[in-house]
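One point on numbering: in our numbering, the residue at position 557 of the sequence shown is 1295, and numbering is uninterrupted.
The structure appears below as structure tokens.
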Amino acid sequence: MELVEDFFPPRVSVVEMADGTPAYQLDRLGEVTQLIRRSVETRVKAVRHEIEADWISLLDEELKDSGLKNVSEEERERELRARTEKAAVLSELAAARFSVLIGPAGTGKTTLLKLLVRQPAVDAGGVLLLAPTGKARVQLEKSTKKRAQTLAQFLLPSRRYDENTGAYRVIGTNKIDEAKTVIVDEASMLTEEMLGALIDALKGVERLILVGDPRQLPPIGAGRPFYDIVDRLTPGDVYSTFPRVAPGYAELTIRRRHIGEQRDDLQLADWFSGASLGAGDDEIFSRLGDEALNTPRKEQKGKPGPLRFIQWDGGEDFREKILHALAEEIEDVAAVDDVNGFERSIGGTEFEGRCYFHNGKTAEAAEAWQILSPVRGLTHGVRELNRLIQNTFRTQTITYARSGGWSPRIPKPMGPEGIVYGDKVMNLVNHRTDRIYPKDDGALEYVANGEIGIVVGQYKGKRATWKGWPWKLEVEFSSQAGYKYDFTPGQVQEERPMLELAYAVTVHKSQGSEFGIVFLVIPEATRLSRELLYTALTRQRDRIVILHQGERSTLKRYASDYYSETKGRLTNLFVPPSVIQIEDRFLEERLIHRSSKGEPMRSKSEVIIADQLAAHGIAYEYETGLVLDGLTRWPDFTIEDADSGRIYYWEHCGMLQDPDYNRRWLRKLDWYRQNKIMPLEESPGDAKRVLVITEDDEKGGISSQAIKQKIEILFA
């Protein structure tokens, strides 16, 4: 496309792509981009802080014997390795004027933040804790034992956030000098305008730390600033070093939340992380037929595993299976007609055959279980799921709310969804309010978009002296236990109501939250992204039940860059974008791994091998399933050599220095051997199937020349 104008004042600017071709960019986004870039680059190169602290000793004092006592020697070594990693990360966070702290759930990010903000040299200058959502704010506050705010709360007084439109602004004046250290949790949810508004607001800040997981969903809005900043600061040899620490960059890799447990759910999540994986990491897909992964929690002996699959077909089959799944997995729910059991599961207290919802007793239950769906519409979407759950388990309460009898005790159903007393709901609008009870020093008087709670009132007791029908909804949110907020009929009945049912929520809305049991719905026809699956698969504390349409093995395809939402966004925060088309998608070429034949691949090493094979005219298949002894594994490359009659299975092993990756690879190697597929060096001359193994070098790289020599020897 050719631009007909060089200048579009005052709203649009013309910028350059990587190849020099022009592109459009909104002026305000261009200004924000420059602000963020300038701040990050300046801070990373700035004079570092000198803080003397024995981080290992502080960690030992904080963690005590956790992971060291009554465990195997292997687990003990793993815990010591994790503490070494944490100490290096703490040292970098304390010294840098700008840094990112990244890592998946369970690696201990919040533990480190708690230790960091307690250090006298950090605490003395003041600490400002921020998060994009109300739930993330509460988690941050709980972990650090310090007051935290949502980004909107912090920016509202300086006019950088408009609560009427939800817009974030850069205004250049009215700076806020509140703390020397600023920490933003769940930073992957920040848009460029959110981060720009924050940077524009800060004054006198000596340490800015962004915390999160760049593998999660990109923000709803312009850009992917956290991902771009992490990409800018990531050292080139990141996968070959330990610990993964560089100027401004700190990564936690070792999960310690579930010590000694095999977490199939997290291993499955790793497949969609976009990170470089080991040759043995397809192990989880080889186990999809295991009986334990198909057994209801209540039927399992001992401690239930963390992962279950349920396949569904059409709409009616789906509705039946999701309801039965709730009864099979949630402790309080005995059957699909167990109304009281269901209401107990969301915080109700049973008395004389009926459940009551009391302020101060429902907060924890609101997060005990959660249904997640990638979409709002259709049979498997959030709207229909909420209607299904409400009609199945809340009909008695709905009927009672409508009739009222001689003495109405609860409000009539409110809003387009007919919300009633005891329903699980989500707040949809950031807003301040003084309509809160009790009113004391701990009352936040602010509710953030995405906060989940239970309707605990109005409830008109027998001793109530006031007359008339209860007329408002009172909600206790899980993030503000012990307090209830008023929602008037106007706030709920409006065209854009402030509350909606939340038995089911979208995966996007769940980001920053954590639940005991997650029921994840995966429809077949819906276009999913890799980041959506990764985010959904990391929302559970204990167990995730995946209700999938079609064969579960098809999920594996979403690990490809082709399905990456993040890499499909074009940004110029640090580098001009270069666009490449793969089938019907346009992706950022710099961020994807693609062979010379155009195939998306998981790592640079695989690209090098594929390109060398192609250069030598050798046909190959990439990640084609190999079924042996009832199990399916996926070699990196399968090569059928017609001349020799041999089939070669090529596996490239990176990151073998990581104990977990190494263990999984050794199990896969043993599987090959059990099926009479031996490594090349051990294979007899007449072997028809041979395993070819290559590894990264000591620096974590791969030699193209070494691969070339290997191919020439094999196919001489």
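In this text, a Cβ means the ideal position worked out from N, Cα and C, and glycines have one as well.
- In the three-state reduction of the DSSP assignment, ASN1124 falls in the helix class, which pools H, G and I.
- GLU1361 and ARG1384 have their C-alpha atoms roughly 18 Å apart.
- Runs of the alpha helix (DSSP H) spanning 4 or more residues and lying entirely within the region 1321-1378 occur at 1342-1353, in chain order.
- Between the region 1136-1150 and the region 1208-1217 there are three or more inter-stretch CB-CB distances shorter than 8 Å, so the stretches are counted as touching.
- Taking every protein chain shown into account, the CB of PHE1089 has fewer than 16 other CB atoms within 10 angstroms, so this residue is exposed.
- Three or more Cβ pairs drawn from the region 1102-1113 and the region 1258-1269 lie within less than 8 Å of each other, which places the two stretches in contact.
- Non-local beta-carbon contacts of ASP765 in its own chain, meaning distances under 6 Å to residues more than five positions away in sequence, involve ARG749 and SER751 in chain order.
- Secondary structure note for HIS1246: its alpha helix (DSSP H) is the uninterrupted segment 1245-1248.
- With respect to the C-alpha of GLU1433, the residue from ILE947, CYS1093 and CYS1391 having the closest C-alpha is CYS1391.
- Rounded to the nearest whole angstrom, the CA to CA distance from GLY1306 to GLN1005 is 25 Å.
- Look at ALA843 here: in three-state DSSP terms it is coil, with no helix or strand label.
- Runs of beta strand (DSSP E) with 3 or more residues, each lying fully within the region 1156-1236, are found at 1162-1165, 1190-1195, 1211-1215 and 1222-1225, listed in chain order.
- Proximity of the region 859-866 to the region 906-923 meets the contact definition, three or more beta-carbon pairs being nearer than 8 Å.
- Using a Cβ distance threshold of 8 Å, LEU933 and VAL782 do not count as a contacting pair.
- Ranked by Cα distance from PHE964, the options PRO973, GLU1359, ALA826 and PRO952 are led by PRO952.
- The beta carbons of GLN1134 and VAL1077 sit about 6 Å from each other, so the pair counts as a contact at 8 Å.
- Within 10 angstroms of the beta-carbon of SER1141 lie fewer than 16 other beta-carbons, which makes it exposed.
- For GLU830, the closest C-alpha among the options GLU989, ALA761, ALA874 and GLY959 is that of GLU989.
- LYS1406 sits away from ALA832, with the two beta carbons spaced by 8 Å or more.
- Secondary structure of ILE1440 (DSSP, three-state): coil.
- The region 1071-1136 contains, as complete alpha helix (DSSP H) runs of 4+ residues, the segments 1077-1083 and 1120-1131 (chain order).
- Ranked by Cα distance from VAL827, the options GLU815, MET1164 and LYS847 are led by LYS847.
- In the structure shown, the three-state DSSP call for HIS787 is coil.
- Considering only GLN1395, ASP1435, ILE1109 and SER896, the residue with the shortest C-alpha distance to ARG816 is GLN1395.
- By the criterion of at least three beta-carbon pairs nearer than 8 Å, the region 1116-1127 is in contact with the region 1048-1063.
- Following the DSSP letters along the chain, one finds VAL1430 inside the beta strand (DSSP E) bounded by residues 1427-1433.
- Relative to the Cα of THR1100, the nearest Cα in the group PRO1235, ALA925 and GLU1212 belongs to GLU1212.
- Within a 10 Å sphere around the beta-carbon of LYS880 sit fewer than 16 other beta-carbons, which makes this residue exposed.
- Following the DSSP letters along the chain, one finds TYR965 in no beta strand (DSSP E) but inside the alpha helix (DSSP H) bounded by residues 963-971.
- In the three-state reduction of the DSSP assignment, GLY934 falls in the helix class.
- When only Cα atoms are considered, ASP1178 and ASP923 end up about 27 Å apart.
- Positions of the beta strand (DSSP E) runs, each at least 3 residues long and wholly inside the region 1261-1307, are given as 1278-1287 in order along the chain.
- The three-state secondary structure of ARG1384, taken from DSSP, is strand.
- Its Cα nearest to that of ALA825, the residue LEU854 stands out among LYS802, ARG814, LEU854 and LYS807.
- Just measuring C-alpha positions, the residue of ARG1082, PRO1373, SER1014 and ARG1234 sitting nearest THR903 is ARG1234.
- Counting the other Cβ atoms within 10 Å of the Cβ of TRP1372 gives 16 or more, which makes it buried.
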